[in-house]
DNA sequence: AGAGACTGCAAAAGCGTTTTTGCAGTCTCT
DNA sequence: AGAGACTGCAAAAACGCTTTTGCAGTCTCT
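Protein chains in written order, with my numbering: chain A, -13 to 322; chain B, -13 to 322.
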C-alpha cells in the first residue's frame, strides 16, 4: 500500500490539514514545519492519490477527444484515422492541452453513454462529428462542456463552441484557381456529406457552378473511402458524355487515389486532368506531380478547440464560434 | 448539481446500498425493488460519479500511452509522430483497449513525475522509449504496471512486459534480399540509436556485413529526422570512394527522403540505387517506384502491448516477452 | 414444532483527499 | 495594560461511491 497523507502527517508530527497545505502551497505554514513535512513526504515517497483529489476537486484535467471515427479500409476501427489532417488536429490539441497540464483521452470508438461516463473527463472535443455521437446525449453534455470542430449537423442540442474553416470559401478559392488555369469543367468527388466539411465544400462547388451556368457534377463515394472506390468514382466521371477536365476532392486520400488512378489510365496530370484537394497535407508534396491543396491549418484548429474547451471548463465561457483561415497551396497538379 | 446515489435511494424508498447493488448487478434484490430503483434512476437521469467510483475501486480503466515523443520538423511537439508506424501501434492499442472498455490517455510529452501522477491511469504503454522517461521513476512504476514496445535500453528498472520484433533478423532479411537482387554494397541510414529498434537494426547490419567481410557503412542523422538531414546523409554516403549501390533505412520517412533525393540527383531507382525500409508502411506503396519494406505488424504490436497491460492490471500477470513476427514486402525499389 | 438455511435489505465503515472554520498564542498599537 | 490583528496549526465536514457485515423474516426439512 502506498503511503497516504495520514502517514506523512504522522511522520512529520502534524495534522493532515498541514500536510495538504504544505504540498499544495496553501495556507499559512511556518518555514520549519514546511521543511519537516516536505522531508517526511520525500522520505516516504508520498504521492497524493489522484482519485481522492479528483473526487473532491471534481476535476480530472483530462479532455476526451474523438476523431471522426470512420472505419478504415481493412474494416478495423481506427480511433485515429490514417490521415494527416486528423493527426495534425490531434497534435494541435495535444500541444495546447499539454501547455496547461491537461491530458487527452481517446475514448473507445463504439462506446455508448454508460461506457463514456465511466471515464473521468472534464469535457470533450469532437472532431468532425455527425451529431449522432453519444456525447450529444443529455446524460453527457448536461454536465460537461463540448467543443466541436466542424458543425455537428445532426446534433440534438446546440454546442457552446464550434471551431470551423470557411469551407464554402475554400471551395471557391480552389475552383477560381482551376478556372484561372484554364480548366473549364471541374467535377467533384466527395465522401459522405453528413459531415459539415463535405457538405460545405459541395455547397461551395454547386454555388460556384450555378453562378457560371455550369452543371455541377458530384460523385459521392461510400464509406469507408477506399482506393478502389475512388478509382471507380473517377471512372464514372470520365465516362460521362461531357468529360471533366479537373477533379476537386474533399480529402487528401481521395486526391492521392485520383492521381494513382489517372496514372493507371495514362491520363496526363495536369495536362489532361487537373487535381485539387480541399484539404492540404504533407503527403501531397511527395507525389509527382505534387498536388494542389487548400491548407486549413489543422494544427491551429485542434489547438483552438482545446483552448476553448479548457476556457469553458475553467472560466465557464469562451468565444462561441472560431473561424480558422484557409490558404491555397497551388502546385503542379493544377499548373498547365 | 447532478443527482447522487442518495437522491435515487430517496426517490425509490430504499437505502443507497440497494441502489448500488441494483445498478451494479450485485447482491440479492427482489424483482420489484429492482424495477423501482431502475425507474427512479432513469427518471432522475442518474449517472454514478466516476470520481467516487474510481476512488473506491482504485481503477480508472484508462491506460497511458506515450509514443516515442520526438519533436517534429517544425520543432512542434508531436504527441503522435507523423508516421504510419506509430499511428498503427496507437490504433492497435486503441482497438484492444476498446474491446475491454478501456480508454487511452495521451499524456503531455514534457510532463515530469508530478504532472504524470495527476492523471488517473492504471498502467502505461511506452512505445519505443529510451528509458529516461519519467514513467521509469520509482514514484510511477512502483504502483502501476508498465509495458514497453521495444526495449528501454536506458531504463533504471526492469519492465514486466516487453513487446518486440526480432529486428536483427529483420535487417538480415532485407540485406539477404538486397544481395539476392545483385546489390553488393548496401549502406545504412539510421536515426538515433538510443532506441532499441535502431540499435537492433544497426547490429543486424554490422553483423551481416562482418560475416561477408564487408565494411559496414552507417550514416546516423540527427534528431529530429528531416528531409534535408536525410538528403545530406545520402550525399555523404554517395561521396565515399566506394559508392554504395543500395540504402537500407530504419524508417519509412527516411526511405521516402532517400527516394526523393535520389530522384533529384537523377539516380535511377532501383537500377543505380536500391532502397529498402526496415519499417513498411502504406505510404511506401504510393511512390513510384514502390519501396520495399519489412512489415513489422505494428497494429499487432500495439494490440499485444495493450492486452498484456490489461492482463497485468487485472490478473497481475502476463507473458513477459512477446515477439511479433516480421515479413519482407519486396517491391520495385529493390527489383533490378 | 424447532433447527437450520435462505432471502432481501439496511447500517456503517471505509476510500484519501481538499477546504472551511475555529482556536489558542503572539504581536502591535494606543 | 488591554483591545485588536495576525500567525500557525488542527478539527471536522464534505466529496459520492462500494462492500462487508448483520439482522429480521420466511422456507425447508425431519
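Ideal Cβ positions, reconstructed from N, Cα and C, are used throughout, including at glycine.
Could you tell me whether the Cβ atoms of residue i and residue j are closer together than 8 Å?
| i | j | result |
| --- | --- | --- |
| residue 279 of chain B | residue 238 of chain B | yes |
| residue 260 of chain B | residue 231 of chain B | yes |
| residue 234 of chain A | residue 264 of chain A | yes |
| residue 116 of chain B | residue 181 of chain B | yes |
| residue 138 of chain B | residue 112 of chain B | yes |
| residue 154 of chain B | residue 134 of chain B | no |
| residue 320 of chain A | residue 164 of chain A | yes |
| residue 345 of chain B | residue 241 of chain B | Not covered by the structure: residue 345 of chain B. The range shown for chain B is -13 to 322. |
| residue 289 of chain A | residue 81 of chain A | yes |
| residue 286 of chain A | residue 78 of chain A | yes |
| residue 124 of chain B | residue 176 of chain B | no |
| residue 89 of chain B | residue 273 of chain A | no |
| residue 91 of chain B | residue 53 of chain B | no |
| residue 106 of chain B | residue 40 of chain A | yes |
| residue 26 of chain B | residue -6 of chain B | yes |
| residue 244 of chain B | residue 220 of chain B | yes |
| residue 19 of chain A | residue 42 of chain A | no |
Can you pull the chain A residues whose beta carbon is under 7 Å from the beta carbon of residue i, in chain order?
| i | result |
| --- | --- |
| residue -12 of chain B | 129 |
| residue 132 of chain B | Per Cβ cutoff of 7 Å: no residues; residue 132 of chain B is ~16 Å from chain A at best. |
| residue 182 of chain B | Near residue 182 of chain B there are no residues of chain A at all, since even the closest Cβ is about 24 Å away, more than 7 Å. |
So what does DSSP say about residue i, is it helix, strand or coil?
| i | result |
| --- | --- |
| residue 61 of chain A | At residue 61 of chain A the pLDDT is 49, less than 50, meaning the model places this residue with poor confidence and gives no usable figure here. |
| residue 201 of chain A | coil |
| residue 318 of chain B | helix |
| residue 206 of chain A | strand |
| residue 134 of chain B | strand |
| residue 121 of chain A | helix |
| residue -6 of chain A | helix |
| residue 112 of chain A | strand |
| residue 186 of chain B | helix |
| residue 192 of chain A | helix |
| residue 269 of chain A | helix |
Quick one: give me the first and last residue of the alpha helix (DSSP H) that residue i is part of.
| i | result |
| --- | --- |
| residue 40 of chain A | 36 to 43 |
| residue 371 of chain A | The requested residue 371 of chain A does not occur in the structure, where chain A is confined to residues -13 to 322. |
| residue 78 of chain A | 70 to 85 |
| residue 8 of chain A | 2 to 10 |
| residue 232 of chain A | Premise fails: residue 232 of chain A lies in the beta strand (DSSP E), 232 to 235, not in any alpha helix (DSSP H). |
| residue 216 of chain A | 213 to 224 |
| residue 244 of chain B | 238 to 250 |
| residue 323 of chain B | Summary: the structure shown does not reach residue 323 of chain B, with chain B confined to residues -13 through 322, and so no result is reported for it. |
Could you list which residues in chain B have their beta carbon closer than 7 Å to that of residue i, in chain order?
| i | result |
| --- | --- |
| residue 95 of chain A | 84 |
| residue 80 of chain A | 65, 92 |
Taking C-beta pairs closer than 9 Å, name the residues in chain B that residue i reaches, listed in chain order.
| i | result |
| --- | --- |
| residue 246 of chain A | 272 |
| residue 269 of chain A | 269, 272 |
For a contact defined as C-beta to C-beta under 9 Å, what are the partners of residue i on chain A?
| i | result |
| --- | --- |
| residue 70 of chain B | 68 |
| residue 55 of chain B | Ordered by position in chain A, no residue passes the 9 Å Cβ test against residue 55 of chain B, which lies about 10 Å from the chain. |
Whose CA, out of the options, lies closest to the CA of residue i?
| i | options | result |
| --- | --- | --- |
| residue 318 of chain B | B/270, B/288, B/78 | B/270 |
| residue 103 of chain A | A/126, A/88, A/119 | A/126 |
| residue 306 of chain A | A/48, A/6, A/146, A/-6 | A/146 |
| residue 170 of chain B | B/36, B/31, B/322 | B/322 |
| residue 183 of chain B | B/200, B/150, B/-2 | B/150 |
| residue 33 of chain B | B/16, B/-8, B/-1 | B/-8 |
| residue 178 of chain B | B/210, B/249, B/202, B/67 | B/210 |
| residue 292 of chain A | A/283, A/140, A/86, A/118 | A/86 |
| residue 246 of chain A | B/275, B/229, B/251 | B/275 |
Taking the continuous beta strand (DSSP E) assigned at residue i, which residues delimit it?
| i | result |
| --- | --- |
| residue 309 of chain A | 307 to 310 |
| residue 295 of chain A | Premise fails: residue 295 of chain A lies in the alpha helix (DSSP H), 284 to 301, not in any beta strand (DSSP E). |
| residue 315 of chain B | 313 to 315 |
| residue 30 of chain A | No beta strand (DSSP E) contains residue 30 of chain A, which is instead part of the alpha helix (DSSP H) from 17 to 30. |
| residue 89 of chain B | 89 to 92 |
| residue 49 of chain B | 48 to 53 |
| residue 279 of chain A | 278 to 281 |
| residue 176 of chain B | 172 to 176 |
Anything in chain B within Cβ reach of residue i, meaning under 8 Å, just list it in chain order.
| i | result |
| --- | --- |
| residue 47 of chain A | 104, 105 |
Show which residues of chain A have a CB atom less than 8 Å away from the CB atom of residue i.
| i | result |
| --- | --- |
| residue 31 of chain B | 124, 125, 128 |
| residue 37 of chain B | 37, 40, 41, 44, 46, 106 |
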